[in-house]
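Novice: Here my numbering is used: position 33 in the sequence shown is 33, and no number is missing along the way. We put the CB at the ideal spot given by N, CA and C, even for glycine. Quick caveat, the model's predicted, so the values are computed rather than measured.
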Amino acid sequence: SYADTVIVVDDGSSDNTAVVATSAGALVVKHETNQGKGVALNTGFAYARSLGADVVVTIDADGQHDSAEIHAVVDPVLDGDADIVIGSRYLINRSEVPQHRVWGHRAFNFLTNQVSGTAVTDSQSGFRAFSPHALEKLSFSSAGFSVESEMQFIATDHNLRLVEVPITIYYHDAPKRSVWKHGLAVLNGIMQLVGQYRPLLFFGLSGLVLLLVGLGWGAWVANIFRSTRELAVGYALISVMLFVIGNIVLSTGVILHSIRGLLLNIADNRI
Numbered sequence: 001s002y003a004d005t006v007i008v009v010d011d012g013s014s015d016n017t018a019v020v021a022t023s024a025g026a027l028v029v030k031h032e033t034n035q036g037k038g039v040a041l042n043t044g045f046a047y048a049r050s051l052g053a054d055v056v057v058t059i060d061a062d063g064q065h066d067s068a069e070i071h072a073v074v075d076p077v078l079d080g081d082a083d084i085v086i087g088s089r090y091l092i093n094r095s096e097v098p099q100h101r102v103w104g105h106r107a108f109n110f111l112t113n114q115v116s117g118t119a120v121t122d123s124q125s126g127f128r129a130f131s132p133h134a135l136e137k138l139s140f141s142s143a144g145f146s147v148e149s150e151m152q153f154i155a156t157d158h159n160l161r162l163v164e165v166p167i168t169i170y171y172h173d174a175p176k177r178s179v180w181k182h183g184l185a186v187l188n189g190i191m192q193l194v195g196q197y198r199p200l201l202f203f204g205l206s207g208l209v210l211l212l213v214g215l216g217w218g219a220w221v222a223n224i225f226r227s228t229r230e231l232a233v234g235y236a237l238i239s240v241m242l243f244v245i246g247n248i249v250l251s252t253g254v255i256l257h258s259i260r261g262l263l264l265n266i267a268d269n270r271i
């Protein structure tokens, strides 16, 4: 036995997941419809909080992870050294990870590390451990598989201590989901997280690009006027439109950034 209590969130499965899990002694929380991994984790974490858990471990149910490694994953939490522990397949190269997954994970790691402010070697690992303090802060807006990336944003915003430990992962069969569809879904989720958690970066960068394009377009219109003494009205209007929209988008980013900072301070009782 590796855990005192096993919680299984049946996210609208059409098979006998709930029956099999219950017969094995697990506590089953059932969703009537499929709501996504993020919602399932919210449900499971809420149940764990109600039980007063000392440490919570998430592990994928597809047999990729070795339950014997749970002790290694929970130790930093139990020792008081971490709030979130990620089991990384890349800290020690002892897993035969398919090459397409390696490249995909590298891309997602780089993107998530840059925009979240917290760097890890395996941003997509589902084998993790959480302290009670982390459970209080973790509430996910992501419904899909970008929820692991969202944890890095939350860890940065709430100063949660995050460490990694090496794990082994096993790939038994060909992936059931399209690799490309899964990758695009995760990428789309990460971009949504940037807009939500880093509005100044998301809107500020977009607004700045529009401003620069508008200014460049305006310079081109001015050059035409100097050469011909005629105003290209259509092009001039486009320049003004780009400049105005860029200002609005940039201002939106600044305002949302300020509001988000205020809400974080309130949530963490800093004001």
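Are the beta-carbon atoms of isoleucine 277 and proline 166 separated by less than 7 Å?
Specialist: The chain is shown only over 1 to 271; residue 277 falls outside these bounds and no answer can be derived.
Novice: Please name the residue, chosen from Ala232, Tyr90, Arg229 and Phe202, that lies closest to glycine 246 on a Cα-to-Cα basis.
Specialist: Residue numbering aside, residue 246 sits at position 246 when the sequence shown is read from its first letter. The residue with the shortest Cα to Cα distance from glycine 246 is Phe202.
Novice: So, is leucine 231 buried or exposed, given that buried needs 16 or more other C-beta atoms within 10 angstroms?
Specialist: If you number the sequence shown from 1, residue 231 lands on position 231. Exposed: under 16 other Cβ atoms inside 10 Å.
Novice: Between serine 67 and serine 125, which are expected to be in contact by the criterion C-beta below 8 Å, what is the C-beta distance as a whole number of angstroms?
Specialist: For the purposes of this step, residue 67 is taken as residue 67 along the sequence shown, with counting starting at 1. For the purposes of this step, residue 125 is taken as residue 125 along the sequence shown, with counting starting at 1. Taking a contact as a CB-CB distance under 8 Å, the pair serine 67 and serine 125 does not count as one, their CB atoms being some 15 Å apart.
Novice: Go through the stretch 52-90 residue by residue and report every complete run of the beta strand (DSSP E) that reaches 3 residues or more, in order.
Specialist: 56-58 and 84-88
Novice: Return the first residue and the last residue of the alpha helix (DSSP H) that glutamate 96 is part of.
Specialist: Walking along the sequence shown from the start, residue 96 turns up at place 96. Careful: glutamate 96 lies outside any alpha helix (DSSP H) and carries neither H nor E.
Novice: According to DSSP, simplified to helix, strand and coil, what is isoleucine 266?
Specialist: By 1-based counting over the sequence shown, the position of residue 266 is 266. In the structure shown, the three-state DSSP call for isoleucine 266 is helix.
Novice: Looking only at C-alpha atoms, which of Gly218, Trp180 and Ala82 sits nearest to leucine 237?
Specialist: The count along the sequence shown starts at 1 and reaches residue 237 at position 237. For the options Gly218, Trp180 and Ala82, the alpha carbon positioned closest to that of leucine 237 is the one of Gly218.
Novice: Please list, in chain order, all residues of the same chain as proline 199 whose beta carbon is under 8 Å from its beta carbon, the five residues on each side excluded.
Specialist: Position 199 of the sequence shown holds residue 199. Cβ neighbours of proline 199 beyond the five flanking positions: Thr252, Gly253, Leu256, His257 and Arg260.
Novice: What is the rounded straight-line gap between the Cα of aspartate 60 and the Cα of leucine 215?
Specialist: Working through the sequence shown from its first residue, we reach residue 60 at position 60. Working through the sequence shown from its first residue, we reach residue 215 at position 215. If you take the alpha carbons of aspartate 60 and leucine 215, they lie about 51 Å apart.
Novice: Distance check for leucine 78 and lysine 37, CA to CA, integer angstroms please.
Specialist: Working through the sequence shown from its first residue, we reach residue 37 at position 37. Working through the sequence shown from its first residue, we reach residue 78 at position 78. Going from the Cα of lysine 37 to the Cα of leucine 78 covers about 26 Å.
Novice: Going by C-alpha to C-alpha distance, which of Asp11, Ala267 and Val56 sits closest to leucine 135?
Specialist: For the purposes of this step, residue 135 is taken as residue 135 along the sequence shown, with counting starting at 1. Checked all of Asp11, Ala267 and Val56; the closest Cα to leucine 135 is Val56.
Novice: Name the residue from Ser14, Asp15, Asn34 and Ala53 whose alpha carbon lies nearest to the alpha carbon of isoleucine 7.
Specialist: Reading the sequence shown from its first residue, position 7 is the one you call residue 7. Closest option to isoleucine 7, Cα to Cα, is Ala53.
Novice: Please classify serine 139 as buried or exposed, where buried requires at least 16 neighbouring CB atoms within 10 angstroms.
Specialist: Numbered from its first residue, the sequence shown carries residue 139 at position 139. Exposed, by the Cβ-count rule.
Novice: Which of the three DSSP states is assigned to phenylalanine 243 in this structure?
Specialist: Your numbering for residue 243 matches position 243 in the sequence shown. Reduced to three states, the DSSP call for phenylalanine 243 is helix.
Novice: Per DSSP, glutamate 164 forms a beta bridge with which residues?
Specialist: One-based indexing of the sequence shown puts residue 164 at position 164. DSSP output for glutamate 164 lists Ile86 as bridge partner(s).
Novice: In terms of DSSP beta bridges, what is aspartate 10 paired with?
Specialist: Working through the sequence shown from its first residue, we reach residue 10 at position 10. Paired residues: Lys30.
Novice: How many angstroms separate the CA atom of alanine 119 from the CA atom of glutamate 32?
Specialist: Within the sequence shown, the letter at position 119 stands for residue 119. Within the sequence shown, the letter at position 32 stands for residue 32. The alpha-carbon atoms of alanine 119 and glutamate 32 are separated by roughly 36 Å.
Novice: Any beta-carbon of chain C closer than 7 Å to the one on serine 146?
Specialist: Absent from the structure is chain C; it holds one protein chain and no more.
Novice: What distance in whole Å lies between the Cβ atoms of serine 95 and phenylalanine 108, which are believed to be in contact at a cut-off of 8 Å?
Specialist: The count along the sequence shown starts at 1 and reaches residue 108 at position 108. The count along the sequence shown starts at 1 and reaches residue 95 at position 95. Incorrect: roughly 17 Å between the Cβ atoms, too far for contact.
Novice: For alanine 155, does the count of other Cβ atoms within 10 angstroms reach 16, so buried, or fall short, so exposed?
Specialist: Locating residue 155 in the sequence shown gives position 155, where the first residue counts as 1. When all chains shown are included, alanine 155 counts as buried.
Novice: If you run the structure through DSSP and keep just helix, strand and coil, what is isoleucine 169?
Specialist: Position 169 of the sequence shown, counted from the start, is the residue given in the question as residue 169. Of the three classes helix, strand and coil, the one that applies to isoleucine 169 here is strand, per DSSP.
Novice: Which residue wins for smallest C-alpha separation from asparagine 159, given the options Asp268, Thr58 and His65?
Specialist: In the sequence shown, counting from the first residue as 1, residue 159 sits at position 159. Here the closest residue by C-alpha is Asp268.
Novice: To which residues of the same chain is valine 179 closer than 7 Å at the C-beta, ignoring the five residues directly before and after it?
Specialist: Position 179 of the sequence shown, counted from the start, is the residue given in the question as residue 179. Within the same chain, valine 179 has close Cβ partners His100.
Novice: Just how far apart, CA to CA, sit serine 23 and asparagine 265?
Specialist: What you label residue 23 is simply residue 23 of the sequence shown in a count that begins at 1. What you label residue 265 is simply residue 265 of the sequence shown in a count that begins at 1. Rounded to the nearest angstrom, the two C-alpha atoms are 45 Å apart.
Novice: In angstroms, rounded to a whole number, what distance separates the CA positions of glutamate 150 and proline 132?
Specialist: Working through the sequence shown from its first residue, we reach residue 150 at position 150. Working through the sequence shown from its first residue, we reach residue 132 at position 132. Rounded to whole angstroms, glutamate 150 to proline 132 spans 18 Å at the Cα level.
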